[in-house]
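Comments concern the structure below.
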Amino acid sequence: MSLKMTLILAVVTLVAAAPFAPIEEIHKPLPYSFGYKIKDKHGEQHREETGDGIGAVKGSYGFTDERGIHRQV
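The opening residue of the sequence shown carries number 7 in this note's numbering; numbering runs sequentially from there.
Right, here's the structure in full:
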């Protein structure tokens, strides 16, 4: 009986100590689009971006400071 119990405890210990690696799910990219526009005492900021779902991303962003100088990228 003692041998059986020792064997069972050894198996349980080995199973519990086995390394666990979660399965990583890989999802396909989805098309998306977002943007924002903020205006405060320091000026105005904006950004627009779109992704086509296969890796191409397009967009722009810009800033207009309190003196009215605009920068667009």
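Think of the CB as a built atom: it goes at the ideal place given N, C-alpha and C, for glycine as much as any other residue. On a predicted model such as this, the values are computed, not experimentally measured, just so you know.
Less than 8 Å between C-beta atoms, sequence neighbours within five positions excluded: which residues of the same chain meet that for residue i?
{"i": "Q20", "result": "For the sequence presented, residue 20 should be read as Leu rather than Gln. Nothing listed; no residue qualifies."}
On the DSSP letters alone, give me the boundaries of the alpha helix (DSSP H) that residue i sits inside.
{"i": "V21", "result": "S8 to A23"}
Nearest chain D C-beta to residue i closer than 8 Å, yes or no?
{"i": "S8", "result": "This model lacks chain D altogether, as it is built from one protein chain only."}
Starting from residue i, trace the beta strand (DSSP E) both ways and give me its first and last residue.
{"i": "F40", "result": "Y38 to D46"}
Taking 7 Å as the limit between beta carbons, can you name the residues of its chain near residue i, skipping five residues before and five after?
{"i": "S66", "result": "E54, Q78 and V79"}
{"i": "H76", "result": "G68 and T70"}
Given residue i, which residues of its chain have a CB within under 6 Å of its CB, disregarding the five upstream and five downstream residues?
{"i": "I44", "result": "Q51"}
Complete beta strand (DSSP E) runs within the segment 42-79 (minimum length 3 residues, chain order): 49-57, 63-71 and 76-78
For the segment 39-56 and the segment 69-77, state whether three or more C-beta atom pairs, one from each stretch, are separated by less than 8 Å. yes
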